[in-house]
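Colleague: My questions all concern the structure below.
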Amino acid sequence: MSIVQVQDTVVEVPGGQVFTRQWATGQPQKTPLVLLHDSLGSVELWRGFPAALAQATGRTVWAYDRLGFGRSSPRTKTPSLGFILEEAQIYFPAVAAKLELDQYILFGHSVGGAMALCIAAHQGERCRAVISEAAQTFVEARTLEGIRAAQQGFQDPAQFARLTRWHGEKARWVLEAWTGVWLSPAFRDWTLEPCLSRVRCPVLAIHGDADEYGSVAFPQHIVAGVSGPARLELVQGCGHVPHREQEPLVLGLVRDFLENLP
């Protein structure tokens, strides 16, 4: 098993500084993977998955905290209703440029998966492939029910303290950014449809059959909507976080999917 070297970097983007982390195996260079976290996520919340992914694929893996999350600069305003598209058009390109990532493969979890597909739509051949995991593609009743249940749960100080562990003083903003946008009536008509048809690279859509934030309609929508080759993998007995709940299976799916890509 190869040794994974970890290196942290802070880069300037519009609106502040973004914290990034790299996991490198030192193997012959292939197109790197970039991880995009979920609505409450951060670099640290990926835990041991990025190192395992680097070992399984032989590729360098990057992750970053979006502005307002983890160790990146705080934000005060609630994200706009177009925050997914803004990540694809403004913030991710700035991060990629600072890290000198001319080409990349994206692995996005939950809303990070939606962002990954939007990035692929707007960045063309720079994005060589996308792995979406538990990604939303429209606003489903199950999604809203799951968010309301989580919102209620975070009223427990002990549960909110766990969020503070990852985001510090930014934890309240992180929670309100998630619930405020997704539960807004003005967001109810959001859909990933305008981006999907512009995605021409290979796509692997991973989804748990017991995902509490969205049904199998989401990955089906992705696979049917993109213009390039696409495959759906429905993970049995799995909820919203397959890479944590069934890590060996997810690593195997990603390794096999990327096997013939440079």
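To convert, count from 1 in the sequence shown and add 8; that's my numbering.
Note that beta-carbon positions come from the ideal geometry of N, C-alpha and C, so glycine has one too.
Which parts of the region 24-103 are runs of the alpha helix (DSSP H), unbroken and 4 residues or longer, counting only runs that do not cross its ends?
Modeller: Listed in chain order, they are 57-65, 91-94.
Colleague: Would you mind working out which of A213, D219, E220 sits nearest A229, comparing C-alpha positions?
Modeller: In the sequence on display, residue 229 carries His and not Ala. Nearest C-alpha to H229: A213.
Colleague: Distance, Cα to Cα, S187 vs Q144?
Modeller: Looking at the sequence itself, residue 187 is Thr, so the reference to Ser does not match. Roughly 15 Å between the two C-alpha positions.
Colleague: Quick one: Cα of V211 to Cα of K178, how far?
Modeller: If I take the Cα positions, the gap works out to 33 Å.
Colleague: Would you mind stating whether V262 and I155 have Cβ atoms separated by less than 8 Å?
Modeller: No. Outside cutoff.
Colleague: Following the continuous beta strand (DSSP E) through S242, name the residue where it begins and the one where it ends.
Modeller: First, the amino acid is wrong: residue 242 is Leu here, not Ser. Start and end: 238-243.
Colleague: Reducing DSSP to helix, strand and coil, say where A213 ends up.
Modeller: The answer is strand: DSSP assigns A213 an E or B state.
Colleague: For I113, count neighbouring C-beta atoms within 10 Å of its own C-beta (all shown protein chains included) and say buried if the count is 16 or more, exposed if not.
Modeller: Label assigned to I113: buried.
Colleague: Taking only runs of the alpha helix (DSSP H) that begin and end inside the region 149-204, which ones reach a length of at least 4 residues, in chain order?
Modeller: Listed in chain order, the complete alpha helix (DSSP H) runs (minimum 4 residues) inside the region 149-204 are 149-161, 165-175, 179-190, 201-204.
Colleague: Specify, as a first and last residue, the run of the beta strand (DSSP E) that A137 falls within.
Modeller: Here the beta strand (DSSP E) through A137 covers 135-141.
Colleague: If you reduce the DSSP assignment to three classes, tell me which class V231 lands in.
Modeller: Helix, per DSSP.
Colleague: Tell me which same chain residues have a C-beta within less than 6 Å of the C-beta of V231, skipping the five on either side of it?
Modeller: Taken in chain order, the residues that qualify are A213, A238, L240.
Colleague: Would a C-beta distance cut-off of 8 Å place R83 and P40 closer than the cut-off?
Modeller: No, Cβ-Cβ distance for R83 and P40 is not below 8 Å.
Colleague: Just tell me which of Q160, R170, A96 has its CA closest to the CA of R6.
Modeller: Because the chain spans 9 through 270 in this model, residue 6 falls outside it and cannot be assessed.
Colleague: With DSSP as the reference, please indicate the residues paired to L114 in a beta bridge.
Modeller: Paired residue(s): V42, V138.
Colleague: Whole angstroms is fine: what's the gap from Q37's alpha carbon to A102's?
Modeller: Rounded to the nearest angstrom, the two C-alpha atoms are 22 Å apart.
Colleague: Since I believe V182 is in contact with T86 (beta carbons under 8 Å), could you give me their beta-carbon distance rounded to a whole number of angstroms?
Modeller: Rounded, the Cβ-Cβ distance is 11 Å, inconsistent with contact.
Colleague: Under DSSP, the beta strand (DSSP E) around E20 begins and ends at which residues?
Modeller: Segment 13-21, the beta strand (DSSP E) holding E20.
Colleague: In whole angstroms, what is the alpha-carbon distance linking W260 and H251?
Modeller: Sequence check: residue 260 is Gly here, not Trp. So the two alpha carbons sit approximately 11 Å from each other.
Colleague: For F265, write down the residues that DSSP places opposite it in a beta bridge.
Modeller: Answer by DSSP bridge pairing: none, since F265 is not bridged.
Colleague: Assign T17 to buried or exposed, taking buried as 16 or more other Cβ atoms, counted over all protein chains shown, within 10 Å of its Cβ.
Modeller: Exposed is the call here.
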